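K.L.:
For reference, the structure I am asking about is given below.
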Amino acid sequence: MKDFKDKVLVVTGGSSGIGKAIAREGALRGMKIVINGITKEHVEAAEAELKEMGAEVVSQLADISKLENVQALFDLTMEKFGRVDMLVNNAGVAVSGPIWEIPVQDIHWITEVNLMSHLYGMHIFIPQMIRQGSEAVVVNTASTAGLMTSGNAIMYHTTKHADLAASESCYLALKQRGLERIQVHCLVPAFVQTLIHKSDDRRPERYAINDDPYYQGQEFKSGYIRSERQVVSSMPIDYVGKCVFTAVEDQKFYIYTHPESQVVAGARVQNMVNGLNPQ
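In this note's numbering, the protein residues as written are 278 to 556.
Below is the structure:
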């Protein structure tokens with residue numbers, strides 16, 4: 278896709294961070310925007326900002342990890358604009374810690390936001406893209422964490438690897454069925470100046486921090502400090518929107534914000550080919 282004017286862009290987690298940067302870039306290109314977010318003040322501020330840019334905007338305040346809320350987002354899009362041309366499954370959260378320490382509720386929360394909401398989005402929106410019979414785009418925001426592994430943030434790595442596999446498989450499934458007009462892309466950013474280190478501020482009530490000892494422990498606190506330092510000193514956010522749209526124009530499946538991500542991916546694959554243990 279190269280012509281974006283008057284096309285409809287839907288972004289989950291679109292009220293801050295990478296999602297907002299993509300929505301802003303869409304607005305600059307004359308797109309109509311639908312954003313989802315879970316924090317009221319962020320959603321209202323993002324909607325106001327996009328409108329000031331001249332975009333036609335509608336927003337949804339909802340926990341996108343729930344299937345019914347993804348369906349409601351689709352219904353809102355169709356009611357307001359009658360079509361969808363570009364879907365960005367961007368919502369994501371992170372909690373640090375080994376799998377034997379983090380609370381089970383965080384296993385569910387991270388999986389539901391980082392992976393299930395993206396699967397729900399493709400399941401619900403792609404049929405409409407097929408019915409429209411025109412060019413369309415799906416972008417799933419994974420991470421360089423989906424190209425590598427480490428001893429920290431195990432659930433984050435797990436869900437981002439799964440999101441990358443889902444994106445690749447969806448790309449191939451559409452191609453095999455002669456539906457290449459629907460482009461699928463996977464965004465694999467490294468550290469960008471977002472609010473990912475403040476994921477706990479976006480916890481839905483059912484996953485609120487409770488009296489589990491983990492939340493008072495050193496691992497949880499250290500994880501926050503590590504992520505905050507990495508995010509604050511990382512790449513400015515504005516570049517990401519341009520990066521995404523350039524890749525869409527060039528039909529590049531993998532969208533890298535950082536060249537070093539390719540080096541990381543190559544090293545991991547080479548270790549696998551050579552039968553080496555994880556490093």
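Note that CB positions come from ideal geometry on N, CA and C, so glycine has one too. Keep in mind it's a predicted model, so treat the numbers as computed, not measured.
How many Å lie between A485 and V390 at the Cα?
P.N.:
If I take the Cα positions, the gap works out to 14 angstroms.
K.L.:
Starting from L338, follow its DSSP beta bridges and name the residues at the other end.
P.N.:
DSSP lists G314 as partners of L338.
K.L.:
Give the straight-line distance between the Cα atoms of G518 and Q382, rounded to the nearest whole angstrom.
P.N.:
Whole-angstrom Cα-Cα distance: 32 angstroms.
K.L.:
Hey, could you find the ends of the beta strand (DSSP E) N366 is sitting in?
P.N.:
Unbroken beta strand (DSSP E) run through N366: M363 to N366.
K.L.:
Buried or exposed: where does R454 fall if 16 or more other Cβ atoms within 10 Å of its Cβ makes it buried?
P.N.:
R454 is exposed by the Cβ-count criterion.
K.L.:
Does G374 pass the burial test, meaning 16 or more other C-beta atoms within 10 Å, or should it be called exposed?
P.N.:
Buried, since its Cβ has 16 or more Cβ neighbours within 10 Å.
K.L.:
So the candidates are K297, D280, Q528 and S394; which of them puts its Cα closest to the Cα of K437?
P.N.:
When only C-alpha atoms are compared, the closest one is S394.
K.L.:
In whole angstroms, what separates the C-alpha of D488 from that of D280?
P.N.:
About 52 angstroms.
K.L.:
Going by C-alpha distance, which of Q547, A450 and A422 is nearest F468?
P.N.:
It is A422.
K.L.:
Which of helix, strand or coil does DSSP assign to L553?
P.N.:
The answer is coil: DSSP assigns L553 none of H, G, I, E or B.
K.L.:
Spell out the partners DSSP gives K309 in its beta bridges.
P.N.:
Per DSSP, V285.
K.L.:
Report yes if the CB atom of V285 is closer than 7 angstroms to the CB atom of D362, and no otherwise.
P.N.:
In contact: V285 and D362 (Cβ atoms closer than 7 angstroms).
K.L.:
For M406 and I459, which I take to be in contact (beta-carbon distance under 8 angstroms), what is that distance rounded to the nearest angstrom?
P.N.:
Right, their Cβ atoms sit about 5 angstroms apart.
K.L.:
With respect to the alpha helix (DSSP H) encompassing V347, which residues constitute its N-terminal and C-terminal limits?
P.N.:
Taken as a continuous stretch (DSSP letters only), the alpha helix (DSSP H) holding V347 covers L344 to F358.
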